[in-house]
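One structure is given here, and the rest of the page talks about it.
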Amino acid sequence: MTSLLEGAKKLVTRSSDIGARVDGLERAAEAARGRVDDAVVDDARAVAARASSRLRLSADHTVVALGGATGSGKSSTFNALSGLELAAVGVRRPTTSWATAVVWGKQGAEELLEWLGIPARHQVTRDSMLSKADEDAEMRGVVLLDLPDHDSTEVSHHLEVERLVQLADMMVWVLDPQKYADAAIHDRFLKPLAGHQDVMLVVLNHIDTVPEDRRAGMVDDVRRLLEADGLAGVPVLPVSARQGWGIQELRGMIAKRVAEKKVTRSRLEADVRSAAQRLEAATGTGKVPTLSKERIAALDDAFADAAGVPTVVKAVADSTRMRANRATGWPVTSWFSRLKPDPLKRLHLDLGSAGKELTGTARTSVPQATGVQRARVDTEVRALADQVGEGMAPSWAASVRAASVSRLPDLGDRLDRAVAATDLGATKIPAWAGLVRVLQYVLIIAAIVGAGWLALLALGSYARLPEPPTPEVGAFPLPTLLLLGGIGLGLLLALVCRWLVALTARSRARAADKRLRGAISEVSAEMVVAPIEAELASYATARDGLSTALR
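Shown next as structure tokens:
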């Protein structure tokens with residue numbers, strides 16, 4: 020980026036932003052790679068590369084290329100402008116595929132000529148020739164190219180013309196009065212250069228062969244065709260290279276544009292703008308969308324349902340209820356609950372360290388997602404992608420959809436691992452349940468003591484032994500009170516605790532649900548949201564780059 024800006028400052032003025040625009044086009048093309056037509060991206064990258072290269076080359080020289088068909092008088096116009104007989108004309112036109120270059124002021128132009136690919140044997144330095152000083156001064160800084168005929172039967176000629184038309188700072192098209200409407204030049208060269216009117220001239224040569232009363236109408240007809248090509252405003256100069264008519268005017272127009280030091284910048288700006296417009300048409304002009312929180316929440320719900328979160332939450336509530344009831348229930352009957360299977364253990368969610376070593380931490384026995392659940396996931400993913408893709412070009416919207424489902428084949432395993440790794444908070448009984456358990460055992464011990472005491476008293480009475488004094492509490496003997504109180508209070512405490520157990524089970528179920536949905540949300544973000552956000556980031560980069568390139 021820095022070298023581009025430095026090149027732009029050398030090329031034009033400090034206020035120019037051409038370097039930033041080239042960089043914007045390059046960033047947009049890079050972001051669009053794989054998301055829009057490769058041909059459009061390749062074209063934008065090629066334009067950015069050419070512009071970058073040109074910015075680093077001589078800012079004191081302007082490349083002016085003459086193009087035309089066989090017989091248009093292009094070479095004779097070239098000779099007339101250069102003041103030298105350098106290009107063969109007519110049937111003596113050589114079959115070489117190389118262009119010829121005349122340079123006014125070659126110092127500093129060596130790198131530029133090398134970049135243009137003009138061999139040294141096809142280069143002529145005009146200021147080394149005997150010439151008028153004012154002519155040389157007027158054209159100083161011009162690199163004038165005579166291109167091969169674009170309609171030549173030689174394929175190499177076509178390739179050379181197409182290459183140099185892309186590299187030239189300014190194009191001068193020489194047309195023949197007999198073939199100025201030829202579709203070959205309009206469709207192949209002029210229409211693709213629509214928007215480049217500031218760096219183009221059109222010469223209607225051989226005007227001396229046209230009756231004088233038809234000349235103005237013919238020039239107007241050429242302008243009409245250019246306007247249809249998207250080149251309204253391009254100057255059309257009637258000349259006769261053979262007679263010398265209009266050559267000085269053409270030379271002066273070229274010299275004036277070169278002296279203004281705006282041609283190269285205008286050509287680069289036109290190239291960047293044209294490529295950016297094509298890329299923008301393929302990318303779309305919609306604003307960068309944001310992900311809807313409501314849609315993400317709906318997606319998370321669908322994932323949670325498919326992962327069996329409701330099933331696991333119910334198992335947490337049931338397991339908490341079972342374990343807490345076992346701890347707080349009447350010890351005489353609570354051991355029966357051990358015969359029931361633990362809901363969490365059945366799902367392989369609380370097997371202890373030994374169990375995890377046996378089954379692995381990534382697998383549970385949560386039921387597989389049903390067809391309805393999978394369909395809901397697909398629907399929510401599609402809805403999220405479609406909402407994001409609104410306003411985008413079809414190809415980019417398709418890229419968003421592809422990204423949204425790119426990781427779904429691994430969804431089942433990823434959800435299962437998330438559930439297995441979540442701390443459900445059901446492994447320990449509540450602290451108050453531990454206290455109740457101690458109290459229950461105290462009560463059962465009291466009942467046992469009371470029962471034993473009564474048994475000893477009954478045995479002594481049966482054996483006619485002297486009856487020891489029995490303490491009383493109120494109207495009740497202490498042994499009877501211990502037995503009945505221990506049993507009664509134990510049962511009552513168990514009933515009260517069932518209410519507390521239900522509250523604890525609901526609380527832990529809500530906490531487990533929150534943790535599980537948080538873990539599932541992370542999976543949703545990783546598997547669907549992150550790939551979509553990556554596409555949005557690329558789209559934002561492309562839109563920002565295009566905005567810079569087109570400003």
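The opening position of the sequence shown corresponds to residue 20 in this note's numbering, with each subsequent residue numbered one higher.
Glycine included, every Cβ here is placed at the ideal spot set by N, Cα and C.
Everything numeric in this text was worked out from a predicted model, so none of it was measured.
For residue i, the first and last residue of its enclosing beta strand (DSSP E)
{"i": "Gln142", "result": "Gln142 to Thr144"}
{"i": "Trp192", "result": "Met189 to Leu194"}
{"i": "Pro257", "result": "Val255 to Pro257"}
{"i": "Met219", "result": "Met219 to Leu223"}
{"i": "Thr119", "result": "Thr119 to Val122"}
{"i": "Asp168", "result": "Element bounds for Asp168: n/a, residue is neither H nor E."}
Burial state of residue i, where buried means 16 or more other Cβ atoms lie within 10 Å
{"i": "Glu279", "result": "exposed"}
{"i": "Asp397", "result": "exposed"}
{"i": "Tyr460", "result": "exposed"}
{"i": "Thr228", "result": "exposed"}
{"i": "Ala373", "result": "Summary for Ala373: the model assigns pLDDT 40, below 50, so the residue's position carries little reliability, and this model does not support an answer."}
{"i": "Lys125", "result": "buried"}
{"i": "Val515", "result": "exposed"}
{"i": "Pro257", "result": "buried"}
{"i": "Ala300", "result": "exposed"}
{"i": "Asp165", "result": "buried"}
{"i": "Ser418", "result": "buried"}
{"i": "Phe495", "result": "exposed"}
{"i": "Arg342", "result": "buried"}
{"i": "Arg456", "result": "buried"}
When the options are compared against residue i, the one with the closest alpha-carbon
{"i": "Asp206", "options": "Leu250, Asp227 and Thr228", "result": "Leu250"}
{"i": "Lys281", "options": "Asp188, Val121, Thr523 and Pro329", "result": "Asp188"}
{"i": "Ser293", "options": "Leu500, Ala65, Val241 and Leu535", "result": "Ala65"}
{"i": "Ala118", "options": "Ala128, Ile137 and Gly124", "result": "Ile137"}
{"i": "Ala274", "options": "Lys198, Ser526 and His80", "result": "His80"}
{"i": "Ala412", "options": "Leu508, Ala39, Arg54 and Leu44", "result": "Arg54"}
{"i": "Val331", "options": "Tyr558, Ile539, Arg570 and Asp248", "result": "Ile539"}
{"i": "Leu287", "options": "Lys93, Asp36 and Ile464", "result": "Asp36"}
{"i": "Gly90", "options": "Leu76, Asp201 and Val121", "result": "Asp201"}
{"i": "Gly537", "options": "Ser425, Ala474, Asp320 and Tyr558", "result": "Asp320"}
{"i": "Lys312", "options": "Arg75, Ser71, Ala544 and Arg73", "result": "Ala544"}
{"i": "Glu246", "options": "Pro211, Ala260, Arg426 and Val277", "result": "Pro211"}
{"i": "Leu497", "options": "Ala260, Ala466, Gly509 and Leu514", "result": "Ala466"}
{"i": "Leu163", "options": "Lys93, Asp232 and Thr172", "result": "Lys93"}
{"i": "Gly304", "options": "Ala128, Ser414, Asp227 and Ala78", "result": "The sequence given here places Thr at residue 304; Gly does not occur at that position. For the residues Ala128, Ser414, Asp227 and Ala78, the minimum Cα distance to Thr304 belongs to Ser414."}
{"i": "Gln185", "options": "Leu427, Leu209, Arg75 and Gly236", "result": "Leu209"}
{"i": "Ala556", "options": "Arg243, Asp232, Ala402 and Pro308", "result": "Pro308"}
{"i": "Arg73", "options": "Leu443, Ala422, Arg395 and Asp290", "result": "Asp290"}
{"i": "Gly453", "options": "Arg140, Asp248, Gly431 and Leu519", "result": "Leu519"}
{"i": "Glu130", "options": "Glu399, Arg46, Leu76 and Ala422", "result": "Leu76"}
Start and end residues, alpha helix (DSSP H) containing residue i
{"i": "Asp56", "result": "It is not in any alpha helix (DSSP H) - Asp56 carries neither H nor E in the DSSP assignment."}
{"i": "Gly86", "result": "Gly86 -> not in any alpha helix (DSSP H); beta strand (DSSP E) instead, spanning Thr81 to Gly87."}
{"i": "Asp563", "result": "Ala549 to Leu569"}
{"i": "Ile448", "result": "That residue, Ile448, is in no alpha helix (DSSP H); it is neither H nor E in DSSP."}
{"i": "Ile226", "result": "Element bounds for Ile226: n/a, residue is neither H nor E."}
{"i": "Ala295", "result": "Val282 to Thr302"}
Spatial distance of residue i from residue j (CA atoms)
{"i": "Ile506", "j": "Leu462", "result": "7 Å"}
{"i": "Ala437", "j": "Gln387", "result": "14 Å"}
{"i": "Ala68", "j": "Trp123", "result": "27 Å"}
{"i": "Leu501", "j": "Arg527", "result": "36 Å"}
{"i": "Ala530", "j": "Met546", "result": "24 Å"}
{"i": "Thr560", "j": "Leu269", "result": "44 Å"}
{"i": "Leu434", "j": "Val542", "result": "7 Å"}
{"i": "Asp563", "j": "Gln392", "result": "39 Å"}
{"i": "Ala439", "j": "Val385", "result": "10 Å"}
{"i": "Thr115", "j": "Leu310", "result": "In this predicted model, Thr115 has a pLDDT of only 49, less than 50, meaning its place in the structure is not dependable enough to derive any value."}
{"i": "Arg261", "j": "His225", "result": "8 Å"}
{"i": "Ala592", "j": "Glu179", "result": "As displayed, the chain neither begins before 20 nor continues past 570, which places residue 592 out of reach and without an answer."}
{"i": "Thr144", "j": "Ala120", "result": "8 Å"}
{"i": "Leu44", "j": "Ser171", "result": "34 Å"}
{"i": "Met219", "j": "Ser285", "result": "10 Å"}
{"i": "His169", "j": "Arg182", "result": "11 Å"}
{"i": "Trp192", "j": "Gln142", "result": "21 Å"}
{"i": "Thr424", "j": "Val41", "result": "Inspection of the sequence shows that residue 424 is occupied by Val rather than by Thr. Cα to Cα, Val424 sits roughly 34 Å from Val41."}
{"i": "Leu522", "j": "Leu511", "result": "18 Å"}
{"i": "Pro196", "j": "Leu223", "result": "7 Å"}
{"i": "Ile266", "j": "Arg159", "result": "17 Å"}
{"i": "Val400", "j": "Leu535", "result": "20 Å"}
{"i": "Leu368", "j": "Gly444", "result": "11 Å"}
{"i": "Ser566", "j": "Gly236", "result": "42 Å"}
Any non-hydrogen atom of the ligand ZN closer than 7 Å to residue i Cβ
{"i": "Arg340", "result": "Ligands displayed in this structure: none; no statement on the ligand ZN is therefore possible."}
Quiz prompt | At least 3 beta-carbon pairs within less than 8 Å: the region 548-559 vs the region 398-412 | solution = yes
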